[in-house]
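Residue numbers for the sequence shown, in this note's numbering: 144 to 610. Here a beta-carbon is modelled for each residue, glycine too, at the ideal position from N, C-alpha and C. Contents: one structure, followed by commentary.
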Amino acid sequence: MGEEGSCAFSIEAALEMILMFDRSGKLFYANRTAREKLAYEKLEGQHISTLFPNTFRRSKEGFETEYLFGEDIRHLVAYRGNQTCFPVEARILEGAGTSGYYVCMANDILEREHLGREIAEVREEAQQAARVKSEFVANVTHELRTPVNGILGNVRELLASVEDAGTIKTLQLVERCCGDMNKIINNILDFSKLDAGKFVLEPRRFHFRNMLDYVKAQHISKITEKGLDFFMTVSPHVPEYVIGDELRIVQILNNLLSNALKFTSMGKITLQVLRTAKVEEKLELFFIVSDTGIGIGEEDMDKLFQSFSQVDASISRKYGGTGLGLSICRQLAELMGGRIEAESQKGRGSSFSFSVWVGAEEIPHQEAGDDVKSAFMQMAAQAEDFGRTAEENQEAVKRNLSRLILSVEMENWEKAEMFMETVRQLTQEAPADVKRQVLRLKMAIQKEDYDKVMTEYHKLEALQAAV
Numbered sequence: 144m145g146e147e148g149s150c151a152f153s154i155e156a157a158l159e160m161i162l163m164f165d166r167s168g169k170l171f172y173a174n175r176t177a178r179e180k181l182a183y184e185k186l187e188g189q190h191i192s193t194l195f196p197n198t199f200r201r202s203k204e205g206f207e208t209e210y211l212f213g214e215d216i217r218h219l220v221a222y223r224g225n226q227t228c229f230p231v232e233a234r235i236l237e238g239a240g241t242s243g244y245y246v247c248m249a250n251d252i253l254e255r256e257h258l259g260r261e262i263a264e265v266r267e268e269a270q271q272a273a274r275v276k277s278e279f280v281a282n283v284t285h286e287l288r289t290p291v292n293g294i295l296g297n298v299r300e301l302l303a304s305v306e307d308a309g310t311i312k313t314l315q316l317v318e319r320c321c322g323d324m325n326k327i328i329n330n331i332l333d334f335s336k337l338d339a340g341k342f343v344l345e346p347r348r349f350h351f352r353n354m355l356d357y358v359k360a361q362h363i364s365k366i367t368e369k370g371l372d373f374f375m376t377v378s379p380h381v382p383e384y385v386i387g388d389e390l391r392i393v394q395i396l397n398n399l400l401s402n403a404l405k406f407t408s409m410g411k412i413t414l415q416v417l418r419t420a421k422v423e424e425k426l427e428l429f430f431i432v433s434d435t436g437i438g439i440g441e442e443d444m445d446k447l448f449q450s451f452s453q454v455d456a457s458i459s460r461k462y463g464g465t466g467l468g469l470s471i472c473r474q475l476a477e478l479m480g481g482r483i484e485a486e487s488q489k490g491r492g493s494s495f496s497f498s499v500w501v502g503a504e505e506i507p508h509q510e511a512g513d514d515v516k517s518a519f520m521q522m523a524a525q526a527e528d529f530g531r532t533a534e535e536n537q538e539a540v541k542r543n544l545s546r547l548i549l550s551v552e553m554e555n556w557e558k559a560e561m562f563m564e565t566v567r568q569l570t571q572e573a574p575a576d577v578k579r580q581v582l583r584l585k586m587a588i589q590k591e592d593y594d595k596v597m598t599e600y601h602k603l604e605a606l607q608a609a610v
């Protein structure tokens with residue numbers, strides 16, 4: 144009796160039904176779960192055939208059954224005190240020795256299936272909510288971008304025509320604020336696409352060093368204005384042309400260089416590019432962005448690549464930012480087959496490195512002793528490229544305008560805006576009338592006005608032909 148009491152105490156709170164009956168078929172123990180689910184006024188003393196009439200039958204010896212006692216789980220039908228029934232998964236074990244008792248352990252299948260349906264419904268609701276959230280964020284950010292770009296276009300048009308120093312300073316401040324707002328909007332839009340799994344890379348063949356020159360041109364003036372040095376080195380083993388998503392590589396580099404500039408008040412910023420591996424027609428390119436800024440403590444390194452995370456609240460207050468940039472960089476690097484890492488010492492600076500895999504044309508075999516010759520030939524090629532810059536720039540403008548019009552015809556306004564921004568950057572050194580026409584075309588695209596876009600495009604095409 145002492146052993147039974149100890150056993151009953153240990154299984155009383157079990158979540159499955161526990162029943163014990165003797166060789167006569169009469170129950171002498173039922174735990175709390177069994178009493179609640181079976182709802183008999185008194186379970187002890189009931190015959191096992193009353194609970195499982197499809198499995199057990201009364202007999203002179205006690206009961207008869209075809210049930211094979213043992214560890215195997217079998218499906219039975221249990222009857223409640225009110226004669227309703229429900230399916231269970233049960234195991235019935237025969238007691239060892241001459242004690243002459245049986246132990247039944249059973250789980251309510253209906254309850255589990257109901258719980259499973261509830262979990263599936265909750266999961267579906269959560270997924271639907273995530274989809275709605277992503278669509279909402281994408282729509283809102285797109286709607287926000289239109290007025291911001293409208294302000295930016297008007298400000299740039301005014302900058303080209305005003306001469307008062309005070310007005311120019313104010314307009315430049317508004318231009319910078321619009322630029323910062325666009326960066327935040329783009330980060331939120333990219334994050335929502337990545338979060339929803341709808342982000343698609345667009346690989347194409349591009350001139351790798353021209354891309355780096357473009358990145359450098361975007362940051363060099365701000366770096367030198369702050370009194371910092373900037374150094375960029377590219378391994379001669381990196382090919383002239385590669386196949387990859389140029390826009391997203393630029394995005395990662397811009398983010399890392401912007402962060403380096405933001406957190407560095409003295410010293411230098413460096414950008415290094417190496418070729419670290421080659422597998423058939425694929426190359427691994429390795430980028431390192433280092434600075435001599437405020438650095439990050441070891442205890443805070445794990446926060447760097449988390450979404451909406453800053454190392455501490457004071458960073459956000461002092462330097463700004465959404466906490467999305469590095470998270471987006473991590474996901475972009477992973478989409479391109481690479482990864483991103485960081486090393487830092489507080490007060491000594493930081494070094495961010497990332498890798499991406501790109502396609503490349505066949506690279507001729509090059510001995511290690513040819514490095515100096517290769518570097519010299521590369522410098523000569525760059526000098527020759529410089530002489531063709533104006534002509535290539537015109538060709539690049541034409542190519543991007545063709546893609547822009549194709550995007551407009553397909554009503555892909557987001558991609559049209561991207562090509563338009565490239566055209567704007569390529570025409571920064573163009574005559575004032577061309578720059579003004581570029582701004583008018585950009586504003587028409589932002590308003591998604593097809594007729595206006597086509598009108599302004601033909602005007603710009605005529606101006607370009609006349610230059």
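Near the ligand NAP: residue i beta-carbon under 7 Å from a heavy atom
| i | result |
| --- | --- |
| residue 589 | Summarising the ligand content, the structure contains no ligands, and the ligand NAP is consequently not present. |
Buried/exposed call for residue i, threshold 16 Cβ in 10 Å
| i | result |
| --- | --- |
| residue 461 | In this prediction, residue 461 scores a pLDDT of 46, lower than 50, which makes its location untrustworthy; the coordinate-derived value is nonetheless stated afterwards. The residue is exposed, with fewer than 16 neighbouring Cβ atoms inside 10 Å. |
| residue 580 | buried |
| residue 588 | buried |
| residue 225 | exposed |
| residue 322 | exposed |
| residue 471 | buried |
| residue 260 | exposed |
| residue 374 | exposed |
| residue 253 | exposed |
| residue 489 | exposed |
| residue 508 | Here the model assigns residue 508 a pLDDT of 44, short of 50, so the residue's position is not dependable, and the following value carries that caveat. By the 10 Å Cβ count, residue 508 comes out exposed. |
| residue 155 | exposed |
| residue 206 | buried |
| residue 532 | Bear in mind that the predicted position of residue 532 carries a pLDDT of just 45, short of 50, making it unreliable; the figure below should be weighed with that in mind. Classification of residue 532: exposed, given that the 10 Å Cβ count is below 16. |
| residue 573 | buried |
| residue 601 | exposed |
| residue 307 | exposed |
| residue 445 | exposed |
Own chain partners of residue i with C-beta closer than 8 Å, once the 5 adjacent residues on each side are dropped
| i | result |
| --- | --- |
| residue 540 | 566, 569, 570, 607 |
| residue 183 | 189, 223, 224 |
| residue 178 | 186 |
| residue 410 | 371, 372, 434, 435, 436, 492 |
Contact set for residue i: own chain, Cβ-Cβ below 7 Å, skip 5 residues either direction
| i | result |
| --- | --- |
| residue 101 | In the structure displayed, the chain extends from 144 to 610; residue 101 sits before or after that span and is not available. |
| residue 348 | 384, 386 |
Bridge-paired residues (DSSP) for residue i
| i | result |
| --- | --- |
| residue 185 | BP columns for residue 185 are empty, so no partner. |
| residue 201 | 206 |
| residue 411 | 372 |
| residue 217 | 233 |
| residue 120 | In the structure displayed, the chain extends from 144 to 610; residue 120 sits before or after that span and is not available. |
| residue 473 | DSSP, once it has assigned bridges, lists no residue as partnering residue 473. |
| residue 296 | In DSSP, residue 296 forms no bridge with anything. |
| residue 321 | Its beta-bridge partners do not exist; DSSP assigns none. |
| residue 486 | 494 |
| residue 421 | 426 |
| residue 503 | 385 |
| residue 348 | 386 |
| residue 251 | 231 |
| residue 434 | 412 |
Member of the options whose CA lies at the smallest distance from the CA of residue i
| i | options | result |
| --- | --- | --- |
| residue 478 | 249, 312, 379, 395 | 395 |
| residue 214 | 222, 236, 225, 202 | 236 |
| residue 113 | 447, 412, 416 | This structure cannot speak to residue 113, because the chain is shown only from 144 to 610. |
| residue 563 | 583, 573, 553, 574 | 583 |
| residue 434 | 494, 165, 560, 355 | 494 |
| residue 487 | 274, 447, 498, 502 | 447 |
| residue 405 | 367, 426, 442 | 367 |
| residue 484 | 429, 442, 538 | 429 |
| residue 217 | 238, 227, 195 | 195 |
| residue 232 | 547, 545, 303, 249 | 249 |
| residue 165 | 362, 243, 176, 192 | 243 |
| residue 501 | 547, 312, 422 | 422 |
| residue 391 | 311, 498, 442, 291 | 498 |
| residue 474 | 343, 161, 180 | 343 |
| residue 173 | 294, 476, 227, 245 | 245 |
| residue 480 | 441, 238, 170, 420 | 420 |
Own chain, CB closer than 6 Å to residue i, minus 5 neighbours either side, in chain order
| i | result |
| --- | --- |
| residue 378 | 417, 418 |
| residue 551 | 559, 596 |
| residue 298 | 314, 317, 318 |
| residue 398 | 468, 472 |
| residue 492 | 434, 435, 436, 438 |
| residue 175 | 155 |
| residue 296 | 582, 585, 586 |
| residue 561 | none |
Minimum Cβ-Cβ distance from residue i to chain D less than 8 Å
| i | result |
| --- | --- |
| residue 190 | You won't find chain D in this structure, because it holds only one protein chain. |
| field | Any alpha helix (DSSP H) of 4 or more consecutive residues that is wholly inside the region 156-183 | value | DSSP runs (the alpha helix (DSSP H)) wholly in the region 156-183: 175-181.
| message | Extract the residue ranges of the alpha helix (DSSP H) inside the region 548-576, only unbroken runs of 4 or more that lie entirely within it. | response | 556-569
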